[in-house]
Amino acid sequence: MRINYRRWELKDVERIRRFLYDTWLDTYGGFIPHGDIKQYLGDNYNEYALRSFFTDQNTVGFIAEVDGELAGYEKTFFDRKEDRLYVQQLYILHQYQGMGLGRQLMAFAADHALTYNLDRVWLSVMANNTPALLWYQNMGYQIKEKTPFTLGKTTVEHYIGYVPVNDIFQLCEK
Numbered sequence: 007m008r009i010n011y012r013r014w015e016l017k018d019v020e021r022i023r024r025f026l027y028d029t030w031l032d033t034y035g036g037f038i039p040h041g042d043i044k045q046y047l048g049d050n051y052n053e054y055a056l057r058s059f060f061t062d063q064n065t066v067g068f069i070a071e072v073d074g075e076l077a078g079y080e081k082t083f084f085d086r087k088e089d090r091l092y093v094q095q096l097y098i099l100h101q102y103q104g105m106g107l108g109r110q111l112m113a114f115a116a117d118h119a120l121t122y123n124l125d126r127v128w129l130s131v132m133a134n135n136t137p138a139l140l141w142y143q144n145m146g147y148q149i150k151e152k153t154p155f156t157l158g159k160t161t162v163e164h165y166i167g168y169v170p171v172n173d174i175f176q177l178c179e180k
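The opening residue of the sequence shown carries number 7 in the numbering used here; numbering runs sequentially from there.
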């Protein structure tokens with residue numbers, strides 16, 4: 007098995023778009039109607055929207071490939087007003103979970119945060135996404151805010167918080 011990590015490239019847009027549909031339906035389909043997920047992705051992560059991320063100097067993405075297949079994806083955004091680096095999306099296909107891909111992608115985010123002299127990586131997670139919430143909490147995730155997040159006609163509770171960069175690096179050393 008060959009694992010490759012790299013920054014995303016414009017040629018990856020269609021693969022990422024399909025990947026997001028698959029992972030969002032798998033991750034959120036148990037508590038958000040599929041129609042709301044598809045509408046949200048169609049409005050916010052269509053090919054045009056994904057292409058626009060490549061022209062935004064504050065947005066950087068990373069992918070993990072296993073034997074040439076897209077297995078994991080991460081999108082980061084540096085918010086200059088808040089002076090925060092956010093992991094806006096981090097998804098691993100179900101069949102590749104448990105291989106350390108997510109930890110490695112978080113390490114890339116932590117490295118990226120250091121380029122801005124930041125000591126933490128911010129992220130949000132839906133409260134109903136228990137596996138992801140527990141995974142982040144095991145990494146040192148500290149919830150600082152609870153807000154509603156709306157997809158179509160569905161609103162879910164959403165946590166916003168951070169993981170200290172050093173916690174991410176320590177976990178990746180194990």
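We treat Cβ as the ideally placed atom computed from N, Cα and C, and that holds for glycine.
Whole-angstrom distance between residue j and residue i, CA atom to CA atom
i, j, result
"Met132", "Asp73", "30 Å"
"Val171", "Met112", "9 Å"
"Val162", "Thr156", "6 Å"
"Gln101", "Leu120", "31 Å"
"Pro154", "Tyr165", "9 Å"
"Ile69", "Tyr11", "6 Å"
"Ile9", "Trp141", "21 Å"
"Ile22", "Glu71", "12 Å"
"Met75", "Met7", "Note on residue identity: the sequence assigns Glu, not Met, to residue 75. Distance between the alpha carbons of Glu75 and Met7 is about 11 Å."
Selection from the options that minimises the alpha carbon distance to residue i
i, options, result
"Arg90", "Asp173, Asn64 and Ala138", "Asn64"
"Asn123", "Trp141, Phe84 and Tyr102", "Phe84"
"Trp30", "Tyr46, Asp18 and Ala119", "Tyr46"
"Trp128", "Tyr147, Leu107 and Gln110", "Tyr147"
"Lys44", "Pro137, Ser58, Lys159 and Ala119", "Lys159"
"Ala77", "Ala116, Trp14 and His164", "Trp14"
"Lys150", "Asn134, Tyr168 and Trp141", "Tyr168"
"Asn135", "Tyr97, Ala116, Arg126 and Met105", "Tyr97"
"Val93", "Ile174, Gly106, Asn52 and Ser58", "Ile174"
"Leu99", "Tyr27, Glu179, Glu20 and Asp62", "Tyr27"
"Arg24", "Asp42, Tyr51 and Phe59", "Tyr51"
"Tyr54", "Arg86, Thr82, Asp18 and Glu75", "Asp18"
"Ala116", "Val66, Glu71, Lys87 and Glu75", "Val66"
"Gln95", "Lys87, Leu56, Glu179 and Glu75", "Leu56"
"Cys178", "Thr82, Lys87, Gly48 and Gln110", "Gln110"
Where the alpha helix (DSSP H) through residue i begins and ends
i, result
"Arg86", "Here Arg86 belongs to no alpha helix (DSSP H), and DSSP marks it neither H nor E."
"Ile43", "His40 to Asn50"
"Tyr110", "The residue asked about is misnamed: residue 110 is Gln in this sequence, not Tyr. From DSSP, the alpha helix (DSSP H) with Gln110 extends over Leu107 to Leu120."
"Phe68", "First-last for Phe68: Thr65 to Val72, but that is the beta strand (DSSP E), not the alpha helix (DSSP H)."
"Tyr54", "Glu53 to Phe59"
"Gln176", "Val171 to Glu179"
Exposure label - residue i; buried when at least 16 CB within 10 Å
i, result
"His40", "exposed"
"Thr33", "buried"
"Met145", "buried"
"Gly108", "buried"
"Asp125", "exposed"
"Gly104", "exposed"
"Glu80", "buried"
"Thr61", "exposed"
"Phe37", "exposed"
First through last residue of the beta strand (DSSP E) which encompasses residue i
i, result
"Met7", "Unbroken run through Met7: none, as it is neither H nor E."
"Ala133", "Looking at the DSSP string, Ala133 is not in any beta strand (DSSP E), and its letter there is neither H nor E."
"Leu157", "Gln148 to Leu157"
- Task: Give, in chain order, every unbroken run of the alpha helix (DSSP H) that is at least 4 residues long and sits entirely within the region 10–36.
- Result: 19–34
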